[in-house]
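Structure record follows, encoded as C-alpha cells.
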Amino acid sequence: MKIAVLAGDGIGQEVTAEAVRVLKALELPSLELVDADVGGIAYKRHGHPLPPETLGTVRASDAILFGAVGDPDCDALERHLRPEQAILGLRKELGLFANLRPATVFKGLEDLTSLRPDVARSIDLLIVRELNGDVYFGEKGMRTTPGGLREGYDIMSYNEDEVRRIAHVGFRAAKAKGGRLCSVDKANVLETSQLWRDIVIEVAAEYPEVALSHMYVDNAAMQLVKDPGQFDVIVTGNLFGDILSDQASMCVGSIGLLASASLGEGSFGLYEPIHGSAPDIAGQDKANPMATILSAAMMLRHSFGEEAQAARIEAAVAKALANGVKGGDLGGNAGTREIGDAVLDNL
Ligand code: ATP
Ligand code: MG
1 MKIAVLAGDG IGQEVTAEAV RVLKALELPS LELVDADVGG IAYKRHGHPL
51 PPETLGTVRA SDAILFGAVG DPDCDALERH LRPEQAILGL RKELGLFANL
101 RPATVFKGLE DLTSLRPDVA RSIDLLIVRE LNGDVYFGEK GMRTTPGGLR
151 EGYDIMSYNE DEVRRIAHVG FRAAKAKGGR LCSVDKANVL ETSQLWRDIV
201 IEVAAEYPEV ALSHMYVDNA AMQLVKDPGQ FDVIVTGNLF GDILSDQASM
251 CVGSIGLLAS ASLGEGSFGL YEPIHGSAPD IAGQDKANPM ATILSAAMML
301 RHSFGEEAQA ARIEAAVAKA LANGVKGGDL GGNAGTREIG DAVLDNL
C-alpha cells in the first residue's frame, strides 16, 4: 500500500497533514507514505510544477493523495509552468479518465445547504464524469466567416472506446452502491450523445443487477435541485459532468467537505479535495481538512478495497460534525489541527 503524498500549495500542506495523521492512526500494516513536491512549491524547488522526480515517485506508487495547487507568486509564469498544469499533467500521464464526486449531506448540516432540509437529507449521490474527451479536447480555433465575422469553434467528439470505459466505471460504482445508474446526455440533438447512449445501453448487458435510466442534461440539472434523492449514480461526459458536479456539490453544502477521486483502468487513483489552495487562509490553521480526510477514505475504498477502513473514517468525520466541530467554511471556528484531532478521537 504505497501512497504518494502530493500536498502542493497553500492550505494543501495543512489539510494533507491531517489526512496523513488519520491514515497513520488506522495502523494499517502495509501502509507506506512517500512525499513529493507538486505545484508552485515544485516550481520554486525544481523549476517545474510536475518535476520528473515527482512523476517517478508517483509511478512507483499505488495511489496519490493530493492536496491543492495554486500559488499567486506563479501568476506571471508561462502557462505550461503554472501550478495548475500539474494536475492536468498527472491526469494525462497516468491515464486518469474518470472523476468521481460523492455528494451527501452530513447530519446536522441540512440547514447549510441551498436546498430545503428535507430535500437535502435525501441526497446520497455519486457523479462519475469523463475527463479526457469531449469538447475540451477536440479541434478548436478562431476563423473568419465569408461575411467577415470572427467565429470561434470547438469540436465535440467521443469515440466508442472512450464512452465504453467510463460507462464501465459508472456501472461498477452503481453496482457497488447497490443502486441505480442514470446516464446523462443530450441525445435529442447531439451525435456524440447518440453514440454515448448506444454504448451505455450495450455495456448495460454486462450489469443486469443495475437499473439504468437516461436523462437529458437540461432535465438532469432541474431534477438535481427538485428531487436529488432519485439519483444514486450519474454517469456523464466531460462538459455536462463539469457543470453538474459543481451544481451537486453546492446542493450538499460546503467546499471544505467535498472529496473526489480520479481513476484510470486499474486500481490506481488520485484523490483530492475539490477545493483549491485558498491563498487567503493559507498558513493560518483555518482550513477545514475534512474534504481531504474524506478523499483518503475514498482512496482506501477504491484503490485498496479497504471498505471497512473507509467507512470508519467517514463515520469519524460524521461524528465530529454531529458533535459540532465545524470549520470556518461551515460557519464555525474550529482550526485545521483541532478538526484533525476531533476526527482522530472519533475513529
Ligand atoms: P483554485 O483556483 O485553486 O480553485 P479558488 O480561489 O478558485 O482556487 P479555493 O482555493 O477553493 O478556490 O477557495 C475558494 C474559497 O473557499 C476561498 O475563500 C477559500 O478560503 C475557501 N476555502 C477553500 N477551501 C477551504 C477549506 N478547506 N476550508 C475552509 N475554507 C476553504
Ligand atoms: Mg476554483
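Everything in the sequence shown is counted per full-length UniProt numbering, starting at 1 for the first residue and increasing by one. From the three backbone atoms N, C-alpha and C, an ideal C-beta is built for every residue, glycine too. Note that this is a predicted model, so its numbers are computed, not measured.
- Scanning the stretch 221 to 266 for uninterrupted beta strand (DSSP E) segments of 3 residues or longer gives 233 to 236 and 259 to 263, listed from N- to C-terminal end.
- Isoleucine 199 and serine 262 have their C-alpha atoms spaced approximately 22 Å apart.
- At least one heavy atom of the ligand ATP sits closer than 7 Å to the Cβ of serine 277.
- Close CB contacts of methionine 156 within its chain, under the 8 Å cut and outside five residues either way in sequence, are with Asp134, Val135, Gly138, Leu190, Thr192 and Leu239 (chain order).
- Under the rule that a run must span 3 or more residues, the beta strand (DSSP E) segments found entirely inside the stretch 130 to 183 read 140 to 144 and 150 to 154.
- Within the DSSP secondary-structure output, valine 5 pairs in a beta bridge with Asp35 and Leu65.
- Set against 7 Å, the gap from the CB of aspartate 185 to the closest heavy atom of the ligand ATP is not smaller.
- When secondary structure is reduced to three states using DSSP, proline 102 falls in the strand class.
- The residue among Leu244, Asn159 and Val119 with its C-alpha nearest the C-alpha of cysteine 182 is Leu244.
- Relative to the non-hydrogen atoms of the ligand ATP, the Cβ of isoleucine 339 never comes closer than 7 Å to any of them.
- Per the C-alpha coordinates, the member of Val317, Phe97, Ile234 and Leu300 positioned closest to glycine 256 is Val317.
- Taking glycine 335 as reference, the option from Ile11, Gln223 and Cys251 with the minimal CA-CA separation is Ile11.
- In terms of side-chain proximity, the C-beta atom of valine 15 is found nearer than 7 Å to a non-hydrogen atom of the ligand ATP.
- With fewer than three CB-CB distances shorter than 8 Å, the stretch 208 to 221 does not count as touching the stretch 79 to 88.
- Exposed is the label assigned to tyrosine 153, since fewer than 16 other Cβ atoms lie within 10 Å of its Cβ.
- When C-alpha distances from phenylalanine 231 are compared across Arg301, Arg143, Leu125 and Glu53, the shortest belongs to Leu125.
- Burial is judged here by how many other beta carbons sit within 10 angstroms of a residue's own beta carbon; serine 303 has at least 16 and is buried.
- By the neighbour-count criterion, in which a residue is buried when 16 or more other Cβ atoms sit within 10 angstroms of its Cβ, lysine 2 is exposed.
- With respect to the C-alpha of arginine 164, the residue from Glu265, Thr104 and Lys186 having the closest C-alpha is Glu265.
- Of the residues assessed, glutamate 151 falls on the exposed side of the cut-off, its CB having fewer than 16 other CB atoms within 10 angstroms.
- When DSSP states are grouped into helix, strand and coil, aspartate 329 belongs to the helix group.
- Counting C-beta pairs closer than 8 Å gives fewer than three between the stretch 115 to 124 and the stretch 277 to 295, which falls short of the contact rule.
- Straight through space, the alpha carbons of glutamate 32 and glutamate 206 are spaced by roughly 36 Å.
- Distance from the CA of glycine 269 to the CA of asparagine 188, rounded to the nearest whole angstrom, comes to 34 Å.
- One thing to note: isoleucine 127 has its Cβ within 8 Å of the Cβ of alanine 103.
- Straight through space, the alpha carbons of lysine 186 and asparagine 159 are spaced by roughly 16 Å.
- In this structure, asparagine 99 has its CB at a distance of at least 7 Å from all heavy atoms of the ligand ATP.
- Counting of Cβ neighbours within 10 angstroms places histidine 275 among the buried residues, the total reaching 16 or more.
- Following the DSSP letters along the chain, one finds tyrosine 43 inside the alpha helix (DSSP H) bounded by residues 40 to 46.
- In the three-state reduction of the DSSP assignment, histidine 302 falls in the helix class.
- Rounded to the nearest angstrom, the gap between the Cα atoms of glycine 229 and methionine 290 is 24 Å.
- Glycine 269 sits in a strand when the DSSP states are folded into three classes.
- In this structure, leucine 131 keeps its C-beta atom at 8 Å or more from the C-beta atom of arginine 180.
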